[in-house]
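Working notes for the structure below.
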Amino acid sequence: MMEDAASSLDNISLSQTLPLSQGSFHQLWNVLTDGVAEDGVRGMDMLLMNEHELTGFDETLFNLPEMSTKETVTPPASTVPVTSDYPGDFDFQLRFRKSGTAKSVTSTYSELLNKLYCQLAKTNPIEILVSREPPAGAMIRATAVYKKTEHVAEVVRRCPHHQNEDRKDNPSAAENSSHLIRVEGSERAQYFEDVNTKRQSVTVPYEAPQLGSEMSTVLLRFMCNSSCMGGMNRRPILTILTLETPEGHVLGRQCFEVRICACPGRDRKTEEENSTKMQNSTKETKKRKSVPSPDSTSTKKPKSGSGTDEEDRECFVLHVRGRERYEMLKKINDGLELLDKEGKAKTKVCMKQEVPLPSSGKRLLRKEERSDSD
Ligand SMILES: [Zn+2]
């Protein structure tokens with residue numbers, strides 16, 4: 001990393017010596033950009049817009065310890081964490097490595113189910129992608145929450161058995177012993193418990209990708225099995241990863257389900273097969289969550305079984321920003337649906353099993369709208 005940064009600084013061919021050992025990043029950056037602008041290579045504005053691409057500059061190199069903003073960090077205190085995906089202005093996305101479903105695999109991710117399967121305490125590399133550099137001091141926070149509504153109020157913690165075992169083995173790590181999610185490979189990981197909600201989370205500073213790479217990676221470990229008695233107790237959980245400013249404002253959010261078990265490969269295979277079977281047998285038309293379609297303005301819905309080709313059954317998904325506009329468009333759509341239904345009732349008396357057309361669109365609209373209301 002030192003070499004990369006050094007060579008990238010060489011490429012800029014500065015005439016000044018850089019104040020590497022002291023001064024803030026901003027001071028240093030001003031020196032850098034002034035130097036280049038004097039050379040007449042690029043304008044200042046241009047540089048500021050593309051600072052990372054043009055210079056390949058590793059900001060983390062200059063995050064001196066005394067500049068740390070950790071003390072001012074306050075975790076968000078919403079009672080129930082939001083679990084809708086929200087890429088935000090930085091197009092915050094996650095990517096999981098392809099691990100397959102072999103017996104020996106310790107961590108594997110199902111795109112079909114948007115679900116991570118892993119073994120207890122084994123490392124899960126999760127790749128972080130952003131479209132541009134987040135503000136200096138940005139961080140990644142991981143929080144676990146129960147997936148089902150009836151459990152969502154309860155805080156996810158490790159089971160008493162695993163907590164006690166940890167305290168015995170390593171008394172110095174006692175303060176983190178109740179945390180389900182741990183970050184590995186970073187001395188700068190910080191563990192939080194919200195004073196009001198008691199929800200636990202762990203943060204790690206966002207690291208810009210290394211030269212020649214498009215993403216950075218965080219390493220998560222889950223410290224209980226999903227089946228742990230007195231802990232998760234077989235209740236499914238979601239993990240929320242948020243990109244946040246140093247003050248704790250959310251810039252982007254992505255969620256995925258997690259199952260911690262002895263045989264991740266086998267369980268993923270079984271659950272994917274069951275899901276496919278169920279989809280086929282019920283001719284389920286709902287859109288799968290894990291299918292990425294961020295930019296598609298229209299999504300074709302599978303034909304709904306009976307093959308009534310006299311109808312235009314194609315469905316389109318419309319992403320709407322803001323609740324007010326959504327409610328307005330929904331009203332129009334509901335009205336049109338009602339008209340369709342009434343028309344059919346008159347002309348086609350024998351037509352039964354009316355497929356609720358707007359279900360797919362509605363679900364997505366609701367999701368989009370919720371993500372704005374954070
Ligand atoms: Zn446990």
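Using the UniProt record's numbering, read the sequence shown as starting at 1 and increasing by one per residue.
Cβ atoms here follow ideal geometry from the backbone N, Cα and C, with glycine treated the same way.
Alpha carbon of residue i to alpha carbon of residue j, nearest angstrom
{"i": "residue 145", "j": "residue 329", "result": "32 angstroms"}
{"i": "residue 224", "j": "residue 111", "result": "23 angstroms"}
{"i": "residue 226", "j": "residue 150", "result": "17 angstroms"}
{"i": "residue 164", "j": "residue 337", "result": "58 angstroms"}
{"i": "residue 204", "j": "residue 138", "result": "9 angstroms"}
{"i": "residue 124", "j": "residue 107", "result": "6 angstroms"}
{"i": "residue 241", "j": "residue 196", "result": "20 angstroms"}
{"i": "residue 259", "j": "residue 97", "result": "16 angstroms"}
{"i": "residue 320", "j": "residue 326", "result": "6 angstroms"}
{"i": "residue 194", "j": "residue 78", "result": "10 angstroms"}
{"i": "residue 89", "j": "residue 254", "result": "13 angstroms"}
{"i": "residue 282", "j": "residue 176", "result": "45 angstroms"}
{"i": "residue 87", "j": "residue 93", "result": "6 angstroms"}
{"i": "residue 167", "j": "residue 280", "result": "48 angstroms"}
{"i": "residue 70", "j": "residue 122", "result": "Summary for residue 70: the model assigns pLDDT 42, below 50, so the residue's position carries little reliability; its value from the coordinates is reported in the next sentence. Each residue's Cα considered, the two are about 27 angstroms apart."}
{"i": "residue 332", "j": "residue 208", "result": "45 angstroms"}
{"i": "residue 188", "j": "residue 335", "result": "55 angstroms"}
{"i": "residue 322", "j": "residue 211", "result": "38 angstroms"}
{"i": "residue 109", "j": "residue 245", "result": "28 angstroms"}
{"i": "residue 256", "j": "residue 341", "result": "37 angstroms"}
{"i": "residue 95", "j": "residue 324", "result": "33 angstroms"}
{"i": "residue 276", "j": "residue 120", "result": "27 angstroms"}
{"i": "residue 99", "j": "residue 237", "result": "21 angstroms"}
{"i": "residue 136", "j": "residue 339", "result": "54 angstroms"}
{"i": "residue 172", "j": "residue 232", "result": "25 angstroms"}
C-beta atoms of residue i and residue j nearer than 8 angstroms
{"i": "residue 214", "j": "residue 129", "result": "yes"}
{"i": "residue 81", "j": "residue 251", "result": "no"}
{"i": "residue 131", "j": "residue 91", "result": "yes"}
{"i": "residue 182", "j": "residue 221", "result": "yes"}
{"i": "residue 142", "j": "residue 239", "result": "yes"}
{"i": "residue 248", "j": "residue 219", "result": "no"}
{"i": "residue 118", "j": "residue 228", "result": "no"}
{"i": "residue 148", "j": "residue 234", "result": "no"}
{"i": "residue 192", "j": "residue 178", "result": "no"}
{"i": "residue 198", "j": "residue 152", "result": "no"}
{"i": "residue 113", "j": "residue 273", "result": "no"}
{"i": "residue 103", "j": "residue 263", "result": "yes"}
{"i": "residue 101", "j": "residue 268", "result": "yes"}
{"i": "residue 217", "j": "residue 140", "result": "no"}
{"i": "residue 265", "j": "residue 161", "result": "no"}
{"i": "residue 206", "j": "residue 180", "result": "no"}
First through last residue of the beta strand (DSSP E) which encompasses residue i
{"i": "residue 276", "result": "Per DSSP, residue 276 belongs to no beta strand (DSSP E); it is in the alpha helix (DSSP H), 264-282."}
{"i": "residue 221", "result": "216-222"}
{"i": "residue 205", "result": "200-205"}
{"i": "residue 167", "result": "No beta strand (DSSP E) holds residue 167; the alpha helix (DSSP H) holding it covers 160-169."}
{"i": "residue 191", "result": "190-193"}
{"i": "residue 182", "result": "181-184"}
Original post:
At what residue ranges does the region 93-156 contain a whole run of the beta strand (DSSP E), taking only runs of 3 or more?
Top reply: Runs found: 93-96, 107-110, 115-118, 124-129, 139-146.
Subject >> Within the region 232-263, ranges of the beta strand (DSSP E) (whole runs, at least 3 residues) >> reply: Assignment of beta strand (DSSP E) within the region 232-263, counting only whole runs of 3 or more residues, yields 237-244, 250-260 in chain order.
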